[in-house]
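Numbering (our numbering), first residue to last: 11 to 143.
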């Protein structure tokens, strides 16, 4: 089975105590927005690759089952007891997410919480992957 998909690639400089200076290559499916492949290589390995020499490097591959699918996103807003308790927000997001959807469990922005009529609310998004039409 073969599919033609539109992908984005990003090559960036990075540093780690393990590799020193290295290059990170990330590949993202433009439809699902999944960064499904990440490769790290030293500058020496990159030079060999450019010179048409085969190299072996570690890779992280994730989310392949949703590559090529469309990501649908919609808001998820719910009442919370504490304006500042991120753990409560995460637990309630998992509780109130619609069936078949996944919550985005990031509550670090100013827009993640608000108060209305003396009640505290958390705001995030939920998403799912569907076959493109």
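All C-beta atoms, glycine included, are put in the ideal place defined by N, C-alpha and C.
Burial state of residue 124, where buried means 16 or more other Cβ atoms lie within 10 Å:
Burial call: exposed.
Name the one or two DSSP bridge partners that residue 34 has.
According to DSSP, residue 34 bridges with 22, 50.
Distance, residue 138 Cα to residue 110 Cα:
7 Å
Considering only the beta carbon of each residue, do residue 41 and residue 73 sit closer than 8 Å?
no
Contact under 8 Å by Cβ, residue 83 with residue 135
For the pair residue 83 and residue 135, the CB atoms are nearer than the 8 Å cut-off.
Identify, in the order they occur along the chain, each residue of the same chain with its Cβ nearer than 6 Å to the Cβ of residue 48, setting aside the five sequence neighbours on each side.
36, 70
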